[in-house]
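Chains as they are written, first to last, in the working numbering: chain A, 358 to 589; chain B, 1147 to 1915.
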C-alpha cells in the first residue's frame, strides 16, 4: 500500500474539556487512488487530513507513506516530507495578492526538483489567458483553479483537498472537481478530499465515512462516475 | 529557479510608495548625513593630523618679557631644541575686534593659503579664513586700526591657530572678536617694540617617542628654561588649545553622531518589524498554505526580511553617495564654522562605509530576525486558522460597562495596538530628546549671557602689569625706582576703584578637565564681592567640580610644582569664572606676597587716570561672555539642523505608526462604515486614541528627556570646555516642544483622517487575502 494509517488518535483540550477527535483510525490507500473523506462537522475528517499532511500531529498511531514513517520525523523532516510529497488545496484560496496567476503557480514550482511545465499547466487549468492577472482580478473559481495549480505544479505524490468547493457555487464547484479529476488521471497523484458534499463520493475510488472520530464505513466505489455527471 | 516570492518586493515598494518614501527619506537623510559627517570628519582630521608635518607645527612655545639676547638664545638652543621667532602684536581694530599680527612664517607653523595671495608689500594682509567669514570680510576689503591700514589679499589658516584661542588659559576660543593675520616681514619689522610679544616656538632635536616622554621632556625643558630666562608663558604643544582643541573636539562628535544614527536605524527596524508583523497577520492564510506546501520557516523569514534589508541597502547606497557629495560639504561647513582648518582632500573612508552600511544592515537584520523568528514560530495549522498567538483562549480584558461605549471602543483600539503605541512612545521620547537638544542649548547660552550681565562682579576689572625692571633683583636701585613709578602710575582718584590681588593656579582633580583657576584677594568690606570670612569658591567652580562647603581643593602652580590646599567655607554665587575669593591679606599671605600687595582694580566706571602701560588687561562683560558667544556661533547652525531633523523624525514616525494602526484596523473600519458610522465618528474611534496617546506621550516623556538632557549637558560641559556654563532650563521650552509635537501630529492626523475616509466599504466583505 502507498499510504498506511494505523491507530491514529487525537484529542484536544484537557480534563473535563478534553475531546477525542480521532479514536483510532486505520486506513490504507493505493497509489493514484482518489479517496473522499465524508462526515458531519466535528467528525474528525479535517484533523485526519491535517495529520496525513504533516501540519498536525497525532497523539498516537503512525502513518507510513511510501515506506517513510511519519511518527519518527522531526519538524525539519516533516517540512521536507511536505515539500517532497504533498500538495494542499484549501477552501480559502490563500493566494499571494501581489503575485500574478503565473507567479502564484511558480511559488509551488519553486519547491520541486521536477515541476510540471507551468504554461502547459496553465492551459490545463484554463488560466492561460489570465496568467498575468493578479488574484483580485479573478473570479472565485479562477482563484481556486490557481490554488490547485500551485498545489499540483510540483507534481506531488499526494494531493490533499480540504473542502475545495466549500466556497463555490454549483457550476464552479463542478469545474473544480473536473479539474481535480483530470489532474488525478493525468498525473496519477493520490487524492484525498475532505468534503461535506455526499454527492462527490460518486467520483471517488474509495469512500471513507467518519463519525465521532471513527471510521464508520470504508468502501471501494465500483460505480465511479465522472465529475461531469455529478448532480446536487 | 529563483524564489518567486521575491518578485513581491518591488511590487510592494510600488504599491506602498507613500510609506516606503518616508522610510527611505528618513534613512537616506540619516545615513547620508552621518556618512557625510564621517567622510568630512575623517578627511579633515587627516588634513589636521597631516598639518603637523606639512606645516611643521611647533613642539611648543614660550614667551619672554623681553626679547632674548644672543647669549640667551645660545643657552636655550643648547637645551636640545631649535627655536624660531614667533613674535606677534595684538592690534585693536576699528571693528571692535583684535587682530594678532605675525610676519609670514617660512619655517615653523607655516600657513595654508586658502584663497587669494599672501601679502607682498606693506599695507597688505592675509587674514584668517574663519575670522573673515564671521566678520563678513572679502578679499580686497580693508582693515583699519588707529595706527595701520591694510588691504586684504588672501585668506589663510595658520597651522598653530586651528582654534582661535587668543590666550591658552581662555575658557573658549573666539573667532568673532579675535583673528590672526600675516603681514610682510618688512612691515612687521617696522612695528613698535612696546606692544610686541616675544614668543619663541621650539622643535625638539630628538622628537619624543610618546605622550609620556613628551610630557617629561616639556617639564624638564621648562625647568631648564627657567634657569636661563624669565618665562612669561610656557605652552608645550599638547597643552596648546589653539593647536590641540580641534583634534580633541573632532573625534568627540563622531560617537554622538553614530549613536544618533543607530538609534534611528533601530527605531526604523522596529517600524519595519511591526509593519511586517501586520503583514504576517494579514497573510496568515498564505503563510499557512506555504508552510503546509513545504516552505521552510527559514525561507519565509528570509523572504520577510528581504524588504527591510533591501530598504537599508538602497538607503545606504544613496545615503553614501549623498554623503560623499552633498552632506560632506554640509559637515565640512560646520567644521569650517568652528575651526580654522587647512583645505582638505576628500578621502575614501572604509570605516564610514562600514559604519553607515554594514552596521545598519546588521542592526536591521538582527531586530527583524528576532521579531520574525518569534512571529513565524507557530505551526502551519495555526496560521491557517489565523490563531497568531501561542496563548489559547485569550480573553478580552474587562471594561466597566458604565464607561461610555465610544471610550471603551477607543480603549480596545489602544490595547489591541499596544505594541505600535509602545514604539510610538519610544519614537516620541527620541524625537523629544532631539528637539530639546536643539532648543535647550541656544536658550542656555542666551540665559548665560543675560545672567552674567546681571551678575558681574563689576563693570571693569583692571589687571595691572608690574614692569619687569621693578622685579630685577640684580639692579636694586633701578628696581626701586621702577616700583615707585609703578605705584605712582597706578594710583587712581576714581572713587569706584577698589584694589584686589589676583593669582592663577591650576586644578589637579583629574576627574575633571585640568584648567586654570583665578584666585581673587578682595577687600574685607568689598562693595563688589560680598565675602564672608574664609575661602569662598565661585558657584561655577563648585558646580563644575561638584564641590561643597567643607571640601578641600588641591591646586598647583601653572608652571611649577608647588601645591596649595584650600578648605571651602562658602560658595559664592558667581558664574562668570572658575574662581576662589578670599580676603586680600589672607590670600597674599598664602601666595607669599606682602599683605598690602595688589595687582588690579574692580570698578563700575572706567578708570582713566592710571598709566596705560601698567594695564595688562581689562576684563569686561565681553570677555566673560566669550564662551557663550563662540558656542552660539559654532553650534548654532548645528542646533537648527538637529531641530529640523527632530521634527522630520517625529513626523515620519507618527505618520508611519498611525498608518500602521489604521491599516491594521482597515477591515474593522470598513465594517463600521457598513454599519452606518459616519466619517466623523470613525475618526473619533480610530484617530482619537492616537491623538490622546500622542498628547499623553508628549507630556510623560518630558521629565525623562529633561533628566537625560541635564546629564548630557553636564557631561559635555565638564569634558569639553574650560570654564562653566550652568544648566538652565527655560520652562517655555516645554511649551515649545509640546506645541511643535502637537503641530506636527496635527498635520499627520489630517493626512490620516483623509486616509481613513478612503478605506473602501467592500474591504470587510472580501476574502481576507
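All C-beta atoms in this analysis are idealised placements derived from N, C-alpha and C, irrespective of residue type, glycine included.
For residue j and residue i, the rounded distance between their alpha carbons
| i | j | result |
| --- | --- | --- |
| residue 1297 of chain B | residue 1287 of chain B | 6 Å |
| residue 1666 of chain B | residue 1803 of chain B | 59 Å |
| residue 1622 of chain B | residue 1629 of chain B | 10 Å |
| residue 1366 of chain B | residue 1251 of chain B | 28 Å |
| residue 1670 of chain B | residue 1744 of chain B | 14 Å |
| residue 1526 of chain B | residue 1438 of chain B | 6 Å |
| residue 1801 of chain B | residue 1884 of chain B | 17 Å |
| residue 1523 of chain B | residue 490 of chain A | 32 Å |
| residue 1448 of chain B | residue 1595 of chain B | 57 Å |
| residue 462 of chain A | residue 548 of chain A | 19 Å |
| residue 575 of chain A | residue 397 of chain A | 16 Å |
| residue 1471 of chain B | residue 1405 of chain B | 23 Å |
| residue 470 of chain A | residue 1825 of chain B | 53 Å |
| residue 1626 of chain B | residue 1648 of chain B | 22 Å |
| residue 1219 of chain B | residue 1373 of chain B | 13 Å |
| residue 604 of chain A | residue 539 of chain A | Lying before the first or after the last residue shown, residue 604 of chain A is absent from chain A, which here runs from 358 to 589. |
| residue 380 of chain A | residue 399 of chain A | 13 Å |
| residue 1535 of chain B | residue 1420 of chain B | 15 Å |
| residue 1159 of chain B | residue 1171 of chain B | 14 Å |
Cutoff 7 Å; reference residue i; Cβ partners in own chain excluding five residues on either side
| i | result |
| --- | --- |
| residue 1451 of chain B | 1511, 1514, 1515, 1518 |
| residue 1254 of chain B | 1202, 1204, 1230, 1347, 1349 |
| residue 1713 of chain B | 1681, 1698 |
| residue 1192 of chain B | 1493 |
| residue 1545 of chain B | 1554, 1557 |
| residue 403 of chain A | 519, 551 |
| residue 1456 of chain B | 1155 |
Same chain, Cβ closer than 6 Å to residue i, neighbours up to 5 away in sequence not counted
| i | result |
| --- | --- |
| residue 1227 of chain B | 1348, 1350 |
| residue 1897 of chain B | none |
Cβ-Cβ distance between residue i and residue j below 8 Å
| i | j | result |
| --- | --- | --- |
| residue 370 of chain A | residue 570 of chain A | no |
| residue 525 of chain A | residue 483 of chain A | no |
| residue 439 of chain A | residue 1440 of chain B | yes |
| residue 1289 of chain B | residue 1328 of chain B | no |
| residue 1377 of chain B | residue 1208 of chain B | yes |
| residue 1583 of chain B | residue 1788 of chain B | yes |
| residue 1247 of chain B | residue 1300 of chain B | no |
| residue 443 of chain A | residue 410 of chain A | yes |
| residue 1575 of chain B | residue 1767 of chain B | no |
| residue 1354 of chain B | residue 1368 of chain B | no |
| residue 459 of chain A | residue 479 of chain A | yes |
8 Å CB neighbourhood of residue i in its chain, flanking five on each side removed
| i | result |
| --- | --- |
| residue 1387 of chain B | 1309, 1311, 1314, 1316, 1319, 1868 |
| residue 1520 of chain B | none |
| residue 428 of chain A | 415, 418, 419, 420 |
| residue 1211 of chain B | 1344, 1376, 1378, 1614 |
| residue 1530 of chain B | 1430, 1431, 1434, 1435, 1438 |
| residue 1358 of chain B | none |
Whole-number beta carbon distance between residue j and residue i, since they are thought to touch under 8 Å
| i | j | result |
| --- | --- | --- |
| residue 507 of chain A | residue 545 of chain A | About 19 Å separates the two Cβ atoms, so there is no contact after all. |
| residue 1189 of chain B | residue 1473 of chain B | Between residue 1473 of chain B and residue 1189 of chain B the Cβ distance is about 13 Å, and since that is not below 8 Å, they are no contact. |
| residue 560 of chain A | residue 583 of chain A | 7 Å |
| residue 1112 of chain B | residue 1687 of chain B | The structure shown does not extend to residue 1112 of chain B, since chain B is modelled only from 1147 to 1915, so the question has no answer here. |
| residue 1715 of chain B | residue 1736 of chain B | With a Cβ gap of about 14 Å, residue 1715 of chain B and residue 1736 of chain B do not count as contacting. |
| residue 1274 of chain B | residue 1326 of chain B | 5 Å |
| residue 517 of chain A | residue 406 of chain A | 6 Å |
| residue 422 of chain A | residue 360 of chain A | 5 Å |
Residue i at chain D interface by Cβ criterion, 8 Å
| i | result |
| --- | --- |
| residue 547 of chain A | The structure shown has no chain D; the protein chains it does contain are A and B. |
*asked:* To be precise: take each residue of the region 1150-1179 of chain B, compare its Cβ to all Cβ atoms of chain A, and keep it if any distance is under 7 Å. Which residues remain?
replied: Within the region 1150-1179 of chain B, the qualifying residues are 1150, 1151, 1153, 1154, 1157, 1158, 1161.
_To be precise: take each residue of the region 1427-1441 of chain B, compare its Cβ to all Cβ atoms of chain A, and keep it if any distance is under 8 Å. Which residues remain?_
For the region 1427-1441 of chain B, residues whose beta-carbon sits nearer than 8 Å to a beta-carbon of chain A comprise 1429, 1431, 1432, 1434, 1435, 1436, 1437, 1438, 1439, 1440, 1441.
*Taking only beta carbons into account, state which residues of the region 439-453 of chain A come closer than 8 Å to chain B, listed in chain order.*
Answer in chain order: 439, 440, 441, 443, 444, 445, 447, 449, 450, 451, 452, 453.
*In the region 1298-1316 of chain B, which residues sit with their C-beta less than 7 Å from some C-beta in chain A, listed in chain order?*
So the list is empty, because no residue satisfies the distance condition.
*What are the residues of the region 1523-1534 of chain B that lie near chain A, defined by any Cβ-Cβ distance shorter than 8 Å?*
Flagged, chain order: 1525, 1526, 1527, 1530.
_Give me the subset of the region 521-544 of chain A whose CB atoms are less than 8 Å from a CB atom of chain B, sorted by chain position._
Under the 8 Å Cβ criterion, the region 521-544 of chain A contributes no residue.
*Identify each residue in the region 405-421 of chain A for which the Cβ-Cβ distance to at least one residue of chain B is less than 7 Å, and report them in chain order.*
Within the region 405-421 of chain A, the qualifying residues are 407, 410, 412, 413.
*With 9 Å as the C-beta to C-beta threshold (strictly closer), list the residues of the region 472-487 of chain A near chain B in chain order.*
Residues of the region 472-487 of chain A whose Cβ lies closer than 9 Å to any Cβ of chain B, in chain order: 472.
*Would you list, in chain order, the members of the region 371-397 of chain A that have their beta-carbon closer than 7 Å to a beta-carbon of chain B?*
From the region 371-397 of chain A, no residue has a Cβ closer than 7 Å to chain B.
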